[in-house]
């Protein structure tokens, strides 16, 4: 492999020096091709062919090797043969191994081959610290979630039972211990350390963190990935049932791990969290079960020490949060969480919607090739998508923050109309709502026992009536006389006697329960329907029936919203859309029945009724729990009124917009500092290697520099335009990085201003200008300069 990598470096240097159209003359003994076998190859593929497939496949993951080979056969009017795909796969593996070996050589020359170097430098905006920057709390955001689209079939024998049914037999996959390239993946062995089967052993001598207050654990197990019985289930013939991935808020991939013969178990996210805390320190995690997951992290023996050290916190993404209970939303939605800004923490969903295109080429791949495809895709997406769109993302977020901040006058006008004296009232309302929902979330024990006692009295009354009916001899005799013969009379009598005995046993059992509850409640005189206690307990039962009916409606509306979103999601297959549409039809019938039950319970209490048209028009569920009137009518409290609630939410949006602008100012400063320092560092090592007589390696570093450097002109141009907007409070002037990894020897000078430095200098000139009345000609001239810089960089 070392010789192959040397030859590939020489080939790339030749292309750089002479151009891609110049005929390549390989050195003696070399063929310039990637063969399909190490000795005496008879078939080989050109480097250009493999590079072309690599680039196209990463842009269009649905294009697999088979389609590409058949396209080549069409171009060459050759009959497609099955073995061509196998031969191409061998050559392609060799090509990827060669590029990975060269990448490792470059990393070693740059001093970037240490543990977790890629992870610690994954995102310049999140992780590149600058001297004198504003402290951020939390330091950065991460999101984690599971995706079951990237499943893989395990090759097993198919056995046939005696009744003709097939079932899986032993696995016949060949042993392949190759590890995926780069360091995106956490191994199965590392992940299994956090599994439930090892938990009992780890808990010995472990003392949980008693200081951690799980304030927002108010959702129980309403989500599937909170339920061990569901997530532990293996899915048929699949070996890997999907992936669990973590991304930063700018969509750079941080870590990956496979779900193996299970659903989304807690161990996958716990392994990722432990690695992130150990390598990167404190951060805020977004997870669709963040309210429950934070408690898991602080109670797991391997994660808890790191979670306590870095004050680990997890919340729920803005979209998934709409399916959580209102009490949970108040503590875990980004809108109400201090420091979250306007971040939605839903990057995983966006990335999975694109990476799902890989499923067609990984479903039947080997274990190694599946991981290879996934790693290559996300490594490509980090540079060609996440980094390429970084300035656009920052500008978009900044403009959104300015738009929200511009709504402050409208909020003040609304407050005046609603007679709200100060914005501080909204924080008070939020705390009041938290406390009120907390008290309504659980029924008082005494009331629960009283309702149970009332229900047992109702049951006892009904069962005593049944016993009295059976004890009426006239009924038995009348039935017996109607029989045709003695056997029929005897059989009917025995049947009625058995029913009478069962009725007596049920009555006696209920009577014992009534007597037990009377002792526990201290009731001396049994309640009767005309007593006040009976009527009060009956009202409590009606209230509980109302709340339960409302829960059913809420759950069905949540399912409907999520399914509708999936139907309209790009990339959803035809069969999946048909299945979802059929499920929606069945869900509609169930929803109509649930609304009917709700209206019956609501009518008994004089509560607002629901119509089918109102329910199907729900777009958000944030206010749905306020219909849960509980033991106290909340319809007239200020924070429950629609206009006041909108004002309260707008207040928190403005607060978070201010936090978002502060964070974006820091991220922009980091980014504009990173670009010239990274370029200066790489240029230094290019010249160092050239001076040492290694031009091929210098060419590789130059190509590595241009992976990101080609976007620098576009980035600076967009940030320069952003800096001219009203409301921009940051700077696009570079600072000085804290890390010494990119430091170059003193006295090193670039021969001329680089493209990045040219645009930075243009930004400095614009920042130093105090003239606010520039002419149109000056604007056009500045735009022309920026356009020339972009053209020079992109060569287009």
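Numbering (the numbering used here), first residue to last: -8 to 787. From the three backbone atoms N, C-alpha and C, an ideal C-beta is built for every residue, glycine too. These numbers come from a predicted model, not from an experiment.
* Taking contact to mean at least 3 C-beta pairs separated by less than 8 Å, is the segment 233 to 248 in contact with the segment 171 to 187? -> In this structure the segment 233 to 248 lies against the segment 171 to 187, because at least three pairs of beta carbons, one per stretch, are closer than 8 Å.
* Asked: Are the segment 137 to 147 and the segment 287 to 300 in contact at 8 Å, needing three or more beta carbon pairs?
  -> Output reads no: the segment 287 to 300 does not touch the segment 137 to 147.
* Per-residue DSSP class, three states only, for residue 55 -> Residue mapping note: residue 55 aligns to position 64 of the chain shown, counting from 1. Reduced to three states, the DSSP call for residue 55 is coil.
* Asked: Does DSSP classify residue 239 as helix, strand or coil?
  -> Here the question's residue 239 lines up with position 248 in the chain shown. Strand at residue 239.
* **Opening and closing residue of the alpha helix (DSSP H) in which residue 79 lies** => Looking up residue 79 in the chain shown gives position 88. For residue 79, the enclosing alpha helix (DSSP H) starts and ends at 73 to 100.
* Asked: Would you say residue 198 faces chain C, with C-beta separation under 8 Å as the test?
  -> This model lacks chain C altogether, as it is built from one protein chain only.
* To do: Using only alpha-carbon positions, find the residue among 358, 259, 533 that is nearest to residue 439.
  => Taking the chain shown and counting its residues from 1, one reaches residue 439 at position 448. Ranking the options by Cα distance to residue 439, first place goes to 533.
* Asked: Helix, strand or coil: which one does DSSP assign to residue 341?
  -> Counting from one through the chain shown, the residue named residue 341 turns up at place 350. Residue 341: helix per DSSP, three-state reduction.
* Report, in whole angstroms, the separation of the C-beta atoms of residue 315 and residue 282, which I expect to be a contact under 8 Å. => Against the chain shown, residue 315 aligns to sequence position 324. Against the chain shown, residue 282 aligns to sequence position 291. For a cut-off of 8 Å, the C-beta gap from residue 315 to residue 282 is around 7 Å, short enough to register as a contact.
* To do: Report yes if the CB atom of residue 7 is closer than 8 Å to the CB atom of residue 142, and no otherwise.
  => Position 16 of the chain shown, counted from the first residue, corresponds to residue 7. Position 151 of the chain shown, counted from the first residue, corresponds to residue 142. The answer is no: Cβ separation not under 8 Å.
* Is it buried or exposed for residue 274, if we count other Cβ within 10 angstroms and need 16 for buried? -> Against the chain shown, residue 274 aligns to sequence position 283. So residue 274 ends up on the buried side.
* Asked: Where residue 506 and residue 494 are concerned, what is the direct C-alpha to C-alpha distance, given to the nearest angstrom?
  -> Translated into positions along the chain shown, residue 506 becomes position 515. Translated into positions along the chain shown, residue 494 becomes position 503. Straight through space, the alpha carbons of residue 494 and residue 506 are spaced by roughly 18 Å.
* Asked: Who pairs with residue 250 in a beta bridge, going by DSSP?
  -> Position 259 of the chain shown, counting from 1, holds the residue named residue 250. In the DSSP secondary-structure assignment, residue 250 is bridged to 233.
* To do: Express the C-alpha separation of residue 650 and residue 698 in angstroms, rounding to a whole number.
  => As a position in the chain shown, residue 698 is number 707, starting the count at 1. As a position in the chain shown, residue 650 is number 659, starting the count at 1. One alpha carbon belongs to residue 698, the other to residue 650, and they sit about 32 Å apart.
* Taking C-beta to C-beta, are residue 301 and residue 330 nearer than 8 Å? -> Residue 301 sits at position 310 when you count from the first residue of the chain shown. Residue 330 sits at position 339 when you count from the first residue of the chain shown. Between residue 301 and residue 330, the gap from beta carbon to beta carbon reaches 8 Å or more.
* **Meets three-Cβ-pair contact criterion under 8 Å: the segment 69 to 85 and the segment 25 to 40** => Using a C-beta cut-off of 8 Å, the segment 69 to 85 makes contact with the segment 25 to 40, since at least three inter-stretch Cβ pairs fall below that distance.
* To do: Could you check the C-alpha separation between residue 663 and residue 429 for me, to the nearest Å?
  => Translated into the one-based positions of the chain shown, residue 663 becomes position 672. Translated into the one-based positions of the chain shown, residue 429 becomes position 438. When rounded, the distance between both Cα atoms is 46 Å.
* **Limits of the alpha helix (DSSP H) - the one that residue 136 falls within** => Translated into positions along the chain shown, residue 136 becomes position 145. Counting along the chain, residue 136 sits inside no alpha helix (DSSP H); it lies in the beta strand (DSSP E) bounded by residues 132 to 138.
* To do: Could you tell me which of 396, 740, 705, 732 sits nearest to residue 645, measuring between CA atoms?
  => As a first step, residue 645 is located in the chain shown; it is residue number 654 there, counting from the start. For residue 645, the nearest C-alpha among the options comes from 396.
* For residue 280, does the three-state DSSP call read helix, strand or coil? -> Here residue 280 refers to the residue found at position 289 when the chain shown is read from its first residue. Three-state DSSP puts residue 280 in coil, outside helix and strand.
* Asked: Would residue 648 pass as a contact of residue 406 if the rule is Cβ separation under 8 Å?
  -> In the chain shown, residue 648 corresponds to position 657, counting from 1. In the chain shown, residue 406 corresponds to position 415, counting from 1. In this structure, residue 648 lies away from residue 406, with their beta-carbon atoms at least 8 Å apart.
* **Cβ-based neighbour list, residue -4, same chain, cut-off 6 Å, excluding 5 preceding and 5 following** => Counting from one through the chain shown, the residue named residue -4 turns up at place 5. Contacts found: 89, 92, 93.
* To do: Might you give, ordered along the chain, the residues of its own chain that have their beta carbon closer than 7 Å to the beta carbon of residue 659, omitting 5 neighbours on each side?
  => Taking the chain shown and counting its residues from 1, one reaches residue 659 at position 668. Answer for residue 659: 385, 710, 721, 723, listed in chain order.
* Asked: Taking just the CA atoms, how far does residue 527 sit from residue 543?
  -> For this step, residue 543 is matched to residue 552 along the chain shown. For this step, residue 527 is matched to residue 536 along the chain shown. Approximately 25 Å, taken between the alpha carbons.
* Asked: Between the C-alpha atoms of residue -6 and residue 252, what's the straight-line distance to the nearest angstrom?
  -> By one-based count along the chain shown, residue -6 stands at place 3. By one-based count along the chain shown, residue 252 stands at place 261. Distance from the CA atom of residue -6 to the CA atom of residue 252, rounded to whole angstroms, is 40 Å.
* **Rounded C-alpha distance that separates residue 491 from residue 584** => The residue you call residue 491 lines up with position 500 of the chain shown. The residue you call residue 584 lines up with position 593 of the chain shown. C-alpha separation (whole angstroms): 36 Å.
* CB of residue 696 within 8 Å of CB of residue 116, strictly -> Counting from 1 along the chain shown, the entry for residue 696 is found at position 705. Counting from 1 along the chain shown, the entry for residue 116 is found at position 125. Not in contact: residue 696 and residue 116 (Cβ atoms no closer than 8 Å).
* **Beta-bridge pairing of residue 306 - partner residues as DSSP gives them** => For the purposes of this step, residue 306 is taken as residue 315 along the chain shown, with counting starting at 1. Partner(s): 277.
* Taking buried to mean at least 16 other C-beta atoms within 10 Å of its own C-beta, is residue 99 buried or exposed? -> Here residue 99 corresponds to residue number 108 of the chain shown, with the count starting at 1. If you draw a 10 Å sphere on the C-beta of residue 99, you find fewer than 16 other C-beta atoms in it, and that means exposed.
* To do: Could you tell me the boundaries of the alpha helix (DSSP H) in which residue 386 lies?
  => In the chain shown, counting from the first residue as 1, residue 386 sits at position 395. That run of the alpha helix (DSSP H) goes 381 to 396.
* Asked: So, helix, strand or coil for residue 150, using DSSP?
  -> By one-based count along the chain shown, residue 150 stands at place 159. If DSSP states are grouped into helix, strand and coil, residue 150 belongs with the strands.
* To do: From the DSSP output, in three-state form, read off residue 37 for me.
  => Numbered from its first residue, the chain shown carries residue 37 at position 46. Here residue 37 sits in strand by DSSP.
* Asked: Does the distance from the CB of residue 688 to the CB of residue 680 come in under 8 Å?
  -> In the chain shown, counting from the first residue as 1, residue 688 sits at position 697. In the chain shown, counting from the first residue as 1, residue 680 sits at position 689. It is a contact, given that the beta carbons lie within the stated cut-off.
* Asked: I think residue 498 touches residue 458, with their Cβ atoms under 8 Å apart; what is that distance to the nearest whole Å?
  -> Taking the first residue of the chain shown as position 1, residue 498 is located at position 507. Taking the first residue of the chain shown as position 1, residue 458 is located at position 467. Confirmed, Cβ separation roughly 5 Å.
* Asked: To the nearest angstrom, how far is it from the Cα of residue 321 to the Cα of residue 387?
  -> For the purposes of this step, residue 321 is taken as the residue at position 330 of the chain shown. For the purposes of this step, residue 387 is taken as the residue at position 396 of the chain shown. Using only the alpha carbons, I get a separation of about 27 Å.
* Asked: Do you know offhand how far residue 76's Cα is from residue 70's?
  -> Along the chain shown, read from residue 1 onward, the residue named residue 76 stands at position 85. Along the chain shown, read from residue 1 onward, the residue named residue 70 stands at position 79. Looking at the two C-alpha atoms, the distance is approximately 13 Å.
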